């Protein structure tokens, strides 16, 4: 099986793909050269025979037509100014009958933290507005089925993925709520100092409190490239 990961970033998910699918050939496509180099350094050289890195945009991958059995886009579409063009480019490189799976966010069904942070909804809204002003969409999840149909995918379906720190561990959630990720937003005037302090408290809770937990909700949408 030939698998394409678009927006592969620093290689966190790529590493899982090559480890769990030893008989598949994986292509990791990323537009940011620094992230692509980070992925190259992250992944064990033993997987080099089944893995290739491509420095390109999802809008214009430069990859040949009808090549991949499966394409995954994880936390990519929320950043895209033109998601329809991306979905159509992915369809071009898919084999007929191949499948695209998109895993992304929708801040309307974000999740939950314990202890509760009263300012979290306000912070999320401000972050969503900031992302939107820069061409992204943190509410993309609800639009994915329509997007896939507009790009002429068939068998479009949708589901949600709930992740809870009590079940999969706290480490990934610590990264999500690392206060350093919010400092730039404070410096740019997107969130207030009080809101930044609340996010620092959330980060501290997740790092130090045995009572803390987090639950995040991701949206998964999939579609198939028509065979004719």
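Residue numbers (my numbering): 23 to 250.
Note that the Cβ used here is the ideal one computed from N, Cα and C, for glycine as well.
Computed from a prediction, not measured in an experiment: that's the story for all the values here.
Asked                                                                                                                                                                    : Found
Is residue 167 helix, strand or coil when you go by DSSP?                                                                                                                : helix
Just to confirm, are residue 58 and residue 34 a CB contact at a threshold of 8 Å?                                                                                       : no
Any contact of the segment 120-136 with the segment 229-238, i.e. 3+ C-beta pairs under 8 Å?                                                                             : yes
Which partner residues does residue 42 have in the DSSP bridge list?                                                                                                     : The partner list for residue 42 (beta bridge, DSSP) is empty, contrary to what the question assumes.
With a cut-off of 8 Å on the beta carbons, I'd call residue 118 and residue 247 a contact; round off their distance for me.                                              : 6 Å
Residues in its own chain within less than 8 Å of residue 147 by CB, not counting five upstream and five downstream?                                                     : 129
Do you know how far the Cα of residue 191 is from the Cα of residue 229?                                                                                                 : 12 Å
Could you give the DSSP three-state label for residue 148: helix, strand or coil?                                                                                        : helix
Considering residue 95, what are the terminal residues of the beta strand (DSSP E) in which it resides?                                                                  : 90-96
Contact defined as beta carbons within less than 8 Å: I believe residue 72 pairs with residue 93. What is the distance between those atoms, to the nearest angstrom?     : Contact doesn't hold; Cβ gap of about 17 Å is too wide.
Given 7 Å as the limit, tell me if residue 70 has its C-beta closer than that to any heavy atom belonging to the ligand GDP.                                             : With respect to the ligand GDP, the structure offers nothing, as it holds no ligand at all.
Return the Cβ separation of residue 153 and residue 160 in integer angstroms, given the expectation that the two are a contact with Cβ distance under 8 Å.               : 5 Å
Just to confirm before moving on: does the CB-CB distance between residue 78 and residue 53 stay below 8 Å?                                                              : yes
Tell me the rounded alpha-carbon separation between residue 120 and residue 176.                                                                                         : 10 Å
For residue 208, report the span of its alpha helix (DSSP H) as first-last.                                                                                              : 202-209
For residue 216, I'd like the list of residues in its chain whose CB is within less than 8 Å of its CB, leaving aside the five on either flank, ordered along the chain. : 141
What do you get for residue 197, buried or exposed, if any count of 16 or more other CB atoms within 10 angstroms of its CB means buried?                                : exposed
Which whole-angstrom value describes the C-beta separation of residue 225 and residue 193, a residue pair presumed to lie in contact below a C-beta threshold of 8 Å?    : The Cβ separation is near 13 Å, so there is no contact.
Taking residue 36 and residue 50 to be in contact with their CB atoms under 8 Å, please state how far apart those CB atoms are, rounded to whole angstroms.              : 5 Å
Just the Cα atoms here: how many angstroms apart are residue 187 and residue 227?                                                                                        : 13 Å
Judging by CA-CA distance, which residue of 61, 45 and 44 is the nearest neighbour of residue 30?                                                                        : 61
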